[in-house]
Amino acid sequence: MSNYVIQADQQLLDALRAHYQDALSDRLPAGALFAVKRPDVVITAYRSGKVLFQGKAAEQEAAKWISGASASNETADHQPSALAAHQLGSLSAIGSDEVGTGDYFGPIVVAAAYVDRPHIAKIAALGVKDSKQLNDEAIKRIAPAIMETVPHAVTVLDNAEYNRWQRSGMPQTKMKALLHNRTLVKLVDAIAPAEPEAIIIDEFLKRDSYFRYLSDEDRIIRERVHCLPKAESVHVSVAAASIIARYVFLEEMEQLSRAVGLLLPKGAGAIVDEAAANIIRARGAEALETCAKLHFANTKKALDIAKRR
1 MSNYVIQADQ
11 QLLDALRAHY
21 QDALSDRLPA
31 GALFAVKRPD
41 VVITAYRSGK
51 VLFQGKAAEQ
61 EAAKWISGAS
71 ASNETADHQP
81 SALAAHQLGS
91 LSAIGSDEVG
101 TGDYFGPIVV
111 AAAYVDRPHI
121 AKIAALGVKD
131 SKQLNDEAIK
141 RIAPAIMETV
151 PHAVTVLDNA
161 EYNRWQRSGM
171 PQTKMKALLH
181 NRTLVKLVDA
191 IAPAEPEAII
201 IDEFLKRDSY
211 FRYLSDEDRI
221 IRERVHCLPK
231 AESVHVSVAA
241 ASIIARYVFL
251 EEMEQLSRAV
261 GLLLPKGAGA
271 IVDEAAANII
281 RARGAEALET
291 CAKLHFANTK
301 KALDIAKRR
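Structure (structure tokens):
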């Protein structure tokens, strides 16, 4: 459970009490002015001005009040993680995002992009938004302009390596954590001595769990790291990273398609099952090792289809 603490003045304490009036608790710990109890968060305000947020929604609730207070994160690694979205959006930041995790064919691609304050408006003017909202033609048009404008780094986990990691028992969430961290290491080194004011990862995992997966890594980027849902709407750097990642993924898919002699569809639906069955009939099941994520249910479906024909 995450704990977040803010230091509040009397005006902010009054605002907190009024905002949570309907959830005030009658039971107060020693030294408390008031306490709030909701299903996903418990908030305790102390006479010292310290306000403690606890529970699943602690980060989100604390973030609503940070602009009017100083804050600290009392999670295991003692790094700040909650900031109001409007504050993050104006900072020089690295954004990081991944694509390919739900696609049967093709690799996982993680990209990170550094957008400093002077370039925020310029990147936004390119029509940058979450890559899932853009078709392939738009991605191919916008991505090169982004890549020419801002420093970026990309890491590609090809299918053969993905399948080796998966067979070793590694969950996909850990794969993504490793790829994000390694991509961030590359970009942080590339922009040095410049330092981002924030590093924002599109949340696929809570921050504490993300860092637990990295415990065996030789180098971990920890400072100023935020794991936020819908992060592409928080800072343009995350949207830029998502477009770069999608662009590289499309290039990788084109290369794989040429290698197997078949246009590989995206996603994991019925059309994918048929394409995999065609590969099995033409080149054998072992050919899927280098172009597909074998533990997906599509593999069994494709084998069944190939046997029937």
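Mind the numbering: the sequence shown is residues 1 to 309 in full-length UniProt numbering, read in order.
Backbone N, C-alpha and C define an ideal beta-carbon position, used for all residues, glycine too.
In this text, all values refer to a predicted model and were calculated from it rather than measured experimentally.
Assumed close pair residue i, residue j - CB separation to whole angstroms, cut-off 8 angstroms
i       : j       : result
Ala-240 : Val-110 : Between Val-110 and Ala-240 the Cβ distance is about 13 angstroms, and since that is not below 8 angstroms, they are no contact.
Cys-227 : Arg-258 : Going by Cβ atoms, the distance from Cys-227 to Arg-258 rounds to 36 angstroms, so no, they are not a contact pair.
Val-42  : Leu-16  : The pair is not a contact, with the Cβ atoms about 13 angstroms apart (cut-off 8 angstroms).
Ala-143 : Ala-190 : That belief does not hold up - the Cβ atoms of Ala-143 and Ala-190 are roughly 18 angstroms apart, past 8 angstroms.
Gly-106 : Leu-256 : 6 angstroms
Ala-62  : Tyr-4   : 4 angstroms
Asp-40  : Ser-242 : Not really, about 28 angstroms apart at Cβ, beyond 8 angstroms.
Host alpha helix (DSSP H) of residue i (start-end)
i       : result
Thr-290 : Unbroken run through Thr-290: none, as it is neither H nor E.
Gln-255 : 236 to 260
Ile-221 : Careful: Ile-221 lies outside any alpha helix (DSSP H) and carries neither H nor E.
Phe-204 : Phe-204 -> no alpha helix (DSSP H), and no H or E assigned at all.
Arg-308 : 298 to 308
Ala-63  : 58 to 63
Buried versus exposed call for residue i [16 or more other C-beta atoms within 10 Å across all chains shown]
i       : result
Arg-164 : exposed
His-78  : With a pLDDT of 36 at His-78, under the threshold of 50, the modelled position of this residue cannot be trusted; read the value that follows with caution. Its Cβ having fewer than 16 others within 10 Å, His-78 is exposed.
Ile-271 : exposed
Pro-265 : buried
Leu-294 : buried
Arg-27  : exposed
Pro-29  : exposed
Gly-95  : buried
Asn-159 : buried
Ser-70  : Residue placement at Ser-70 is poorly supported in this model, since its pLDDT is 46, which falls under 50; the coordinates still yield a value, given next. Ser-70 should be labelled exposed.
Glu-59  : buried
Arg-308 : exposed
Glu-195 : exposed
Asp-103 : buried
Ala-192 : exposed
Ser-92  : buried
Cys-291 : buried
Residue closest to residue i, alpha-carbon to alpha-carbon, out of the options
i           : options                               : result
residue 312 : Leu-303, Ala-32 and Lys-56            : The shown model of the chain, from 1 to 309, leaves out residue 312, and the question about it has no answer.
Thr-101     : Leu-24, Lys-301 and Tyr-162           : Tyr-162
Ala-306     : Ala-124, Tyr-213 and Ile-279          : Ile-279
Gly-147     : Asp-158, Leu-126, Gln-133 and Tyr-213 : Per the sequence shown, residue 147 should be read as Met rather than Gly. Cα-wise, what sits closest to Met-147 is Leu-126.
Asp-273     : Asn-298, Lys-293, Ala-153 and Glu-251 : Asn-298
Arg-141     : Asp-218, Arg-117 and Val-248          : Val-248
Lys-64      : Glu-286, Phe-105 and Leu-88           : Leu-88
Ile-139     : Ile-244, Val-36 and Ala-292           : Ile-244
Ser-233     : Glu-254, Asp-202 and Arg-219          : Asp-202
Glu-137     : Glu-286, Leu-250 and Ala-302          : Leu-250
Asp-218     : Glu-254, Gln-172 and Asn-181          : Asn-181
Ala-8       : Leu-24, Ser-25, Ala-23 and Leu-33     : Leu-33
Val-238     : Val-115, Leu-157 and Tyr-46           : Val-115
Leu-205     : Asp-216, Leu-187 and Val-225          : Val-225
Span of the beta strand (DSSP E), counted from its first residue to its last, around residue i
i           : result
residue 392 : Nothing can be reported for residue 392: it is not among the residues displayed for the chain, which extend from 1 to 309.
Ser-96      : 93 to 99
His-226     : 225 to 228
Ile-279     : First-last for Ile-279: 270 to 283, but that is the alpha helix (DSSP H), not the beta strand (DSSP E).
Leu-33      : 32 to 38
Gln-21      : Segment: none, Gln-21 is in no beta strand (DSSP E) and carries neither H nor E.
Lys-50      : 50 to 54
Tyr-4       : 3 to 7
Within-7 angstroms CB hit, residue i to chain B
i       : result
Leu-205 : Any reference to chain B falls outside this structure, which holds one protein chain only.
Legend entry - Complete beta strand (DSSP E) runs within the stretch 115 to 200 (minimum length 3 residues, chain order): 152 to 157
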